[in-house]
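Student: Starting off with a structure, shown below.
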Amino acid sequence: MDDSSKIPGATLDRTNLTLRAFYTFGKDDRWSLDAKVQYINTNADNRPMTGSNDQNMFRTIYQLPSSMDIRDYSNPLTDEGKINWYNNSGMNPYWAELYNTNHDTRNRFLMNASLKYKFTDWLNAEIKAGSDMYNTESNNKLYAGSNRNNGNSQYSLEEKKFYENNFSFLISAQKDHLIDKFGGTMTFGGNLMERKTTGLKGDATKLTVPNLFNLLNSSKNDRNFKETYNHKKINSLYGTLGINYDGWVFLDATFRNDWSSALSKENRSFFYPSISASWIISDMVGKMDKMMPSWFTYAKVRASFAQVGNDMDAYQLYNYYEISSDPNGNTTGKPLETYYDSTVQSELISSWEAGLELKFFNNRLGFDVAWYKSNAKRQLMNIPMDNMSGYKSRKINAGNIQNTGIELMINARPIETNDFSWDTQFNFSKNNNKVIELAPGVDKYELGGAAELKVYAVQGGNYGEIWGTKFMRVTDENSPYYGKLLLNKAGLPQSTGVSEKIGDQQADCMLGWNNSFRYKNFALSFQIDGRLGGDIYSYTNYALQIAGRAECTAPGGMRENFVVDGVIAQQDGTYAPSTIKVSQQDYWQAIGTGNTGIGEANIYDATNIRLRNIALNYSFPSSMLKKTIFQQLKLGFSVNNVWMIYSDMNGIDPEAVFITNTNATGFENCASPTSRSYLFNVTLGF
């Protein structure tokens, strides 16, 4: 894959090679060996910066004055060899392409193999081995002459090595009519997982000889090194037991026990079971020599209960000190920001589900509906601490977050002939979450955010509430102006200055519609996704507004003075409608006060509907491949992110969330426009 990006100088090259072999041998082919090796090489230059970083090229371009032609700065250097730019903030994109660079290379190997032996037609055993390993090298170069780092050049170099090895065994048995009409299945297995990460990073914050990128080209005080090490093991035993009666009533139970090196000796063992039952009504009726209506093909009810345990990352159990140095270069021990508690246990998620599946007209029409409920307890949380303690947070087990919801799937084949068929599927899901309990003394827990904008889990409220400031309004319910904007003496909006709930990132429901058409050897499919409801804060719109670049800052293309629809408090305690004309600039500067402005002003409905994918494939008939070495040959072409059918966010993709490494998805910040990708693939089978 070769991706030249939307940003000049930013490239991504990926090479993927896969080799797989399958072999059966021994008497009656009882032995089978399956092995796969995959190699992935990735080279990236100038990965774009995101968020409120002045190196974020899109943030810079979004806020450029309308009267400015960026091509005037296509020569990135002045006569003095410094950055050629119109102010001291942001960064000339032409300069950044050549003189603020980053590069990373990753070589990754994925290997797995399995050896299986079939003792009888109902008993077999299998051993597996798998490994995922990669090595990443990266560097960042900032040339001298920019408006950052006091104009000095700087350099960083980093290398990371990672591997995860898994070794497992599984014994499986399955036999119908073991005792009269009772049959059953049983499995027992185990897994050894080992994961290790090492890293070494060096930074030179000020190069002695400008633009000579070598870590030793810096003074001792301008150079630092950091080594990272992470090693974790999990040993597991697991199994299943299933009983069925005459192939129409099923009862299944599973168990798993993990032993994690990341937890203390007393708590490193955690057990989580599940149990499920299902009843295939249509099969029961058939085996009782009774007839269902000809149009009624299949009916099944099911119910289940399951628990899942999660541990934590390594080295979050005992408190230790990081080696550091003071301003005089003396070696010191620096405590971590989080206070660890060795008594913490694994997280525990308990879930219940019940469902009904129906099929009609010889499987031409089907329905599947499910209800679920889950409670996440004993969650591993970093609870804030008083800064006087020397720590910012403490890791504890706490919380009870509940999710309930329904899922509905309808599938149908409206048309089916020898040469043509049409399959369609509709999906609907709705989830409701509630924070039943956090930790003692904690009423809200931060999931992510920036500046005054935060996303919280709020006790008694929801998981993913967006908090920020609101417009100041008249709060006297007896006033005829109740709810009106309360303006200042200059006739401009004011902020409450208090953080409060202004939105919720949780969607009301999710929709999906998939269609596939087959005509002889051609196959065409498309997918439409929809998210209805939920909120998102748009920093991009805020940035455009304070820069005077948003469409709303010039209604009708004009920037005439106007009177804000609001009231001004009078000395006698009453309110009077404003008659003060204000400029567009003053108005939007008032709304843009602070790092994120009045949060309420840029909360948007995150509803969006999009054509997600279109794919066209052609499979060569077997008659054309008889004289070739191929058993399968298929050509395919697909397009992803085809069309935004509806969005309420002024041209911004609601999926371009800023904080992607957390559960805070209700915030976007000057992200790159999402891409449309075109893929061509060839599938060969031998």
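Each number in our numbering corresponds to the 1-based position in the sequence shown with 16 added. Note that beta-carbon positions come from the ideal geometry of N, C-alpha and C, so glycine has one too. Owing to the predicted nature of the structure, the values given are computational and were not obtained by experimental measurement.
1) In terms of alpha-carbon separation, which member of Met300, Arg124, Tyr102, Ala129 lies closest to Leu49?
2) When the Cα of Val324 is compared with those of Asp299, Val655, Val514, Ser367, which residue comes out closest?
3) Under a three-way DSSP split, which group does Gly528 fall into?
4) To the nearest whole angstrom, what separates the beta carbons of Cys686 and Ala566, a pair I think is in contact under 8 Å?
5) Is the beta carbon of Ile584 less than 8 Å from the beta carbon of Lys505?
6) On the CB-based measure, 16 or more other CB atoms within 10 Å of its CB, does Asn679 come out buried or exposed?
7) Going by beta carbon distance, what residues of the same chain come within less than 6 Å of Gly371, once the five residues before and after it are set aside?
8) Distance check for Asp327 and Met401, CA to CA, integer angstroms please.
9) By how many angstroms is the C-alpha of Leu649 removed from the C-alpha of Ser276?
10) Per DSSP, which one or two residues make a beta bridge with Met307?
11) Measuring CB to CB, does Trp101 end up less than 8 Å from Asn91?
12) How would you write the range of the alpha helix (DSSP H) that Asn233 sits in, first residue to last?
13) Which residues does DSSP list as the beta-bridge partners of Pro81?
14) Only counting the same chain, and skipping five residues up and downstream in sequence, which positions put a Cβ closer than 7 Å to that of Ser594?
15) Which stretch, first to last residue, makes up the beta strand (DSSP E) that contains Asp44?
16) Using the Cα positions of Phe241 and Asn233, report the straight-line distance between them to the nearest angstrom.
17) Strictly by DSSP, which residues pair up with Pro430?
18) DSSP three-state label for Asp196, please.
19) Using C-beta distances below 6 Å, list every residue in its chain close to Tyr39, excluding the 5 sequence neighbours before and after it, in chain order.
20) Which residues in the same chain as Leu93 place their Cβ atom closer than 8 Å to its Cβ, once the five residues preceding and following it in sequence are excluded?
21) Answer yes or no: do Leu28 and Ala60 have a C-beta to C-beta separation smaller than 8 Å?
22) Can you check the stretch 366–408 for any beta strand (DSSP E) of at least 3 residues that lies completely inside it and give the ranges in chain order?
23) Could you tell me the distance, in whole angstroms, from the CA atom of Ala617 to the CA atom of Phe487?
24) Smallest Cα separation from Gly477: which of Val458, Glu576, Ile297?
25) Quick one, which of Glu684, Ala455, Ser663 has its alpha-carbon nearest Gly464's?
26) What does the Cβ neighbour count give for Ser105, buried or exposed, with the cut at 16 atoms within 10 Å?
27) So Lys222 and Gly345 are in contact, right, with Cβ under 8 Å, and what is the actual spacing, rounded?
28) Report the rounded CA-to-CA distance for Leu279 versus Glu180, giving the unit in angstroms.
29) Given a cut-off of 8 Å on the beta-carbon distance, is the pair Ile399 and Ile417 in contact?
30) Please classify Tyr634: is it buried, with 16 or more other beta-carbons within 10 angstroms of its beta-carbon, or exposed?
31) Output needed for Lys455: all residues of its chain with C-beta closer than 6 Å, excluding positions within five of it in sequence on either side, in chain order.
32) State the DSSP-derived secondary structure class of Ser638, mapped to helix, strand or coil.
33) Taking the alpha helix (DSSP H) that Glu711 falls in, what are its first and last residues?
34) By the DSSP assignment, the alpha helix (DSSP H) with Trp604 in it spans what residues?
35) With a floor of 4 residues, list each alpha helix (DSSP H) that falls wholly inside the stretch 229–295, ordered by position along the chain.
36) Three or more C-beta pairs under 8 Å: does that hold for the stretch 521–541 against the stretch 628–645?
Tutor: Once the coordinates are examined:
1) Answer by Cα proximity: Ala129.
2) Ser367
3) strand
4) In fact, because the Cβ distance is near 13 Å, the residues do not count as touching under 8 Å.
5) yes
6) exposed
7) Arg318, Ala386
8) 23 Å
9) Near 45 Å, if we compare the C-alpha coordinates of Leu649 and Ser276.
10) Answer by DSSP bridge pairing: none, since Met307 is not bridged.
11) Between Trp101 and Asn91, the C-beta gap is not smaller than 8 Å, which leaves the two residues out of contact.
12) It is not in any alpha helix (DSSP H) - Asn233 carries neither H nor E in the DSSP assignment.
13) Pro81 pairs with nothing; no bridge assigned.
14) Leu503, Gly507, Val579, Val580, Gly582, Val583, Ile584
15) Premise fails: Asp44 is in no beta strand (DSSP E) and is neither H nor E.
16) 14 Å
17) Answer is none; Pro430 lacks a bridge partner.
18) coil
19) Same-chain partners within the cutoff: Leu49.
20) Excluding the 5 residues flanking it on each side, Leu93 has same chain C-beta neighbours closer than 8 Å at Ile99, Asn100, Trp111, Gly161, in chain order.
21) yes
22) 381–400
23) 8 Å
24) Val458
25) Glu684
26) exposed
27) The Cβ separation is near 16 Å, so there is no contact.
28) About 19 Å.
29) no
30) exposed
31) Rather than Lys, the amino acid found at residue 455 in this sequence is Ala. Correct list, in chain order: Ile399, Ala414.
32) helix
33) Since the first residue shown for the chain is 17 and the last is 702, residue 711 is missing from the structure and cannot be characterised.
34) 600–607
35) none
36) yes
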